[in-house]
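As numbered in our numbering, residues 91 to 186 make up the sequence shown, in order.
Structure, as structure tokens:
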Amino acid sequence: MIKYFGAKILHDIIDRSIQVHGSLGFSSDLPLDFMYRAARAARLYDGPDEVHRDTVAKLVLRDYEAPADRVPTEHVPTRRRAAQDRYADLFDEVLA
Numbered sequence: 091m092i093k094y095f096g097a098k099i100l101h102d103i104i105d106r107s108i109q110v111h112g113s114l115g116f117s118s119d120l121p122l123d124f125m126y127r128a129a130r131a132a133r134l135y136d137g138p139d140e141v142h143r144d145t146v147a148k149l150v151l152r153d154y155e156a157p158a159d160r161v162p163t164e165h166v167p168t169r170r171r172a173a174q175d176r177y178a179d180l181f182d183e184v185l186a
């Protein structure tokens with residue numbers, strides 16, 4: 091994960107630094123132009139970001155098993171209905 095996030099964060103920070111310094115940050119008067127090129131290259135050293143992101147996704151999802159009812163556990167309508175069923179007596183008390 092660090093190969094993807096670390097390189098992206100480095101790139102974003104240097105990009106913001108160039109933005110803060112304006113045209114001076116884009117010139118060769120500051121080391122930011124060199125740092126920007128190096129940060130951009132860091133996103134390609136071990137392969138493109140997309141490859142790293144896909145690899146991490148495969149590692150995270152390899153042990154995933156779909157629920158028997160094929161509905162994700164965080165499915166909002168299902169959770170809302172379960173909460174309404176669970177707290178029906180409280181709803182009746184408050185609404186009465």
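Glycine is no exception: its CB is placed at the ideal position from the N, C-alpha and C atoms.
Continuous alpha helix (DSSP H) stretch holding residue i: start and end
{"i": "G115", "result": "S113 to F116"}
{"i": "D136", "result": "No alpha helix (DSSP H) contains D136, which DSSP labels as neither H nor E."}
DSSP-derived helix/strand/coil call for residue i
{"i": "H165", "result": "coil"}
{"i": "D153", "result": "coil"}
{"i": "A186", "result": "coil"}
{"i": "D119", "result": "coil"}
{"i": "Y177", "result": "coil"}
{"i": "M91", "result": "coil"}
{"i": "R160", "result": "coil"}
When the options are compared against residue i, the one with the closest alpha-carbon
{"i": "R130", "options": "L151, L185, V166 and I103", "result": "I103"}
{"i": "I92", "options": "V184, I108, G137 and L120", "result": "G137"}
Presumed contact (8 Å Cβ cut-off) between residue i and residue j, rounded CB distance
{"i": "A132", "j": "L100", "result": "6 Å"}
Cβ pair count under 8 Å reaching 3, the segment 160–174 against the segment 120–129: no
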